[in-house]
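Numbering of the sequence shown is given in numbering that gives the first Met the number 0, commencing with residue 0 and proceeding in unit increments.
Beta carbons are placed, not taken as given, at the ideal position from N, Cα and C, and that holds for glycine.
This one's a predicted model, so the numbers in the text were calculated from it and none came from an experiment.
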Amino acid sequence: MTEASSLTSDKKYIASSFPKELDPLRLPKHIAVIMDGNGRWAKRKGLPRAMGHTAGVDALKKTLRLCSDWGVSALTVYAFSTENWSRPGEEVSFLMTLFKRVLKRELESLKLQKVRISFLGDLEKLPKELQALISEATDLTSKNEGIHFNVCTNYGGRRELVKAAQKLAIRSSKGELDPALINENVFAAELSTANVVDPDLLIRTSGERRISNFLLWQLAYAEIYITETLWPDFDENSLLCALVDFQSRSRRFGGLNQISTDHSSKRF
Ligand code: IPE
Ligand code: IPE
Ligand code: MG
Numbered sequence: 000m001t002e003a004s005s006l007t008s009d010k011k012y013i014a015s016s017f018p019k020e021l022d023p024l025r026l027p028k029h030i031a032v033i034m035d036g037n038g039r040w041a042k043r044k045g046l047p048r049a050m051g052h053t054a055g056v057d058a059l060k061k062t063l064r065l066c067s068d069w070g071v072s073a074l075t076v077y078a079f080s081t082e083n084w085s086r087p088g089e090e091v092s093f094l095m096t097l098f099k100r101v102l103k104r105e106l107e108s109l110k111l112q113k114v115r116i117s118f119l120g121d122l123e124k125l126p127k128e129l130q131a132l133i134s135e136a137t138d139l140t141s142k143n144e145g146i147h148f149n150v151c152t153n154y155g156g157r158r159e160l161v162k163a164a165q166k167l168a169i170r171s172s173k174g175e176l177d178p179a180l181i182n183e184n185v186f187a188a189e190l191s192t193a194n195v196v197d198p199d200l201l202i203r204t205s206g207e208r209r210i211s212n213f214l215l216w217q218l219a220y221a222e223i224y225i226t227e228t229l230w231p232d233f234d235e236n237s238l239l240c241a242l243v244d245f246q247s248r249s250r251r252f253g254g255l256n257q258i259s260t261d262h263s264s265k266r267f
């Protein structure tokens with residue numbers, strides 16, 4: 000063995016802060032989060048709801064950093080649903096302004112962290128200035144090889160499914176696609192998550208027990224973890240609890256034998 004090869008190691012580098020409670024080989028590859036409870040967090044403190052959203056951004060930054068440091072490949076968060084437009088105009092416009100401000104402010108840091116950011120949802124309905132920032136952030140980070148960070152903005156699972164069906168129908172009506180050949184893989188390739196593995200773990204904060212139109216297709220076999228913690232209070236310990244719980248699950252995917260949480264779901 001040459002001196003050079005004896006220095007080479009196959010071991011994956013794990014940040015020194017990697018928690019001893021976790022098995023690095025059985026981490027979820029993809030975590031999805033319904034970041035809920037910003038309004039209640041603010042109300043409990045006697046603050047306007049807007050302050051809850053601002054505090055939620057800090058929780059998101061920390062979660063992204065931890066997922067990246069601990070070796071999770073993808074993080075997908077629910078930032079604004081297709082139903083959230085029904086909130087008071089003042090709250091909706093605060094959120095749009097917050098998204099712009101945060102994206103502008105954090106772009107350099109995302110680049111430094113090698114994050115690849117993508118936005119899922121009906122982006123053309125968002126304010127033009129926000130759309131421009133989204134394109135810029137997406138383009139400038141598209142070659143990054145770190146964590147893939149998906150932000151669902153004006154996203155609705157049902158809308159995504161209908162759009163996919165529409166695209167397939169158009170291709171079929173043009174004679175480009177034989178309807179008999181439409182299978183799960185062909186369908187999934189029309190979703191905004193094409194090329195992203197399905198989430199292994201869904202975390203919802205604030206104790207609500209529903210998925211609120213989030214990733215209806217992709218969550219088919221995700222493990223669901225619900226915590227009473229409100230999103231702005233979600234911290235390193237909260238993430239660790241979710242991951243320890245995930246690693247205790249027996250994932251069967253409809254079968255009978257225990258399958259390791261390291262199961263790699265098929266790519267779309
Ligand atoms: C989640 O927090 C953030 C968004 C939906 C944008 P909420 O604003 O839903 O907070 P609660 O559920 O009212 O506490
Ligand atoms: C889901 O939270 C959407 C986001 C976190 C962006 P909501 O607060 O809108 O969901 P419901 O109304 O409680 O189902
Ligand atoms: Mg809510």
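Please list the terminal residues of the continuous alpha helix (DSSP H) segment that includes residue i.
i: Ala241; result: 235–246
i: Val161; result: 156–172
i: Glu183; result: 183–187
i: Ser80; result: Ser80 -> not in any alpha helix (DSSP H); beta strand (DSSP E) instead, spanning 73–80.
i: Ala41; result: 37–43
Which residues mark the beginning and the end of the beta strand (DSSP E) in which residue i is found?
i: Leu201; result: 200–203
i: Val56; result: That residue, Val56, is in no beta strand (DSSP E); its alpha helix (DSSP H) goes 48–69.
i: Ala221; result: Premise fails: Ala221 is in no beta strand (DSSP E) and is neither H nor E.
i: Ala31; result: 29–33
Could you give the C-beta distance for residue i and residue j, rounded to a whole number, given that I count them as a contact under 8 angstroms?
i: Lys113; j: Gly70; result: That belief does not hold up - the Cβ atoms of Lys113 and Gly70 are roughly 13 angstroms apart, past 8 angstroms.
i: Leu94; j: Gly156; result: Not confirmed; about 20 angstroms, so no contact.
i: Ile116; j: Thr96; result: Not a contact, Cβ separation roughly 19 angstroms.
i: Phe353; j: Asn153; result: This structure gives no information on residue 353, because the portion of the chain shown stretches from 0 to 267.
i: Ala73; j: Val196; result: 7 angstroms
i: Gln246; j: Asp22; result: 6 angstroms
i: Arg250; j: Ile225; result: Rounded, the Cβ-Cβ distance is 17 angstroms, inconsistent with contact.
i: His29; j: Thr81; result: His29 to Thr81, Cβ: 22 angstroms. No contact.
i: Glu20; j: Leu201; result: The Cβ separation is near 20 angstroms, so there is no contact.
i: Gly51; j: Pro231; result: 6 angstroms
i: Leu176; j: Leu167; result: 7 angstroms
inquiry  = Can you tell me which residues fall inside 5 angstroms of ligand 1, judged by beta-carbon distance to its nearest heavy atom, and keep chain order?
reply    = Asp35, Gly36, Asn37, Gly38, Arg39
message = With a threshold of 8 angstroms, are at least 3 pairs of Cβ atoms found where one atom belongs to the stretch 163–178 and the other to the stretch 85–105?
response = no
request  = Flag this pair as touching only if the stretch 46–66 and the stretch 14–34 have three or more C-beta atom pairs under 8 angstroms; answer yes or no.
outcome  = yes
ask   = Can you list the alpha helix (DSSP H) stretches of 4 or more residues lying completely in the stretch 107–141, in chain order?
value = 127–140
message = Under 8 angstroms, with one C-beta from each stretch per pair, do the stretch 183–194 and the stretch 129–136 reach the 3-pair mark?
response = no
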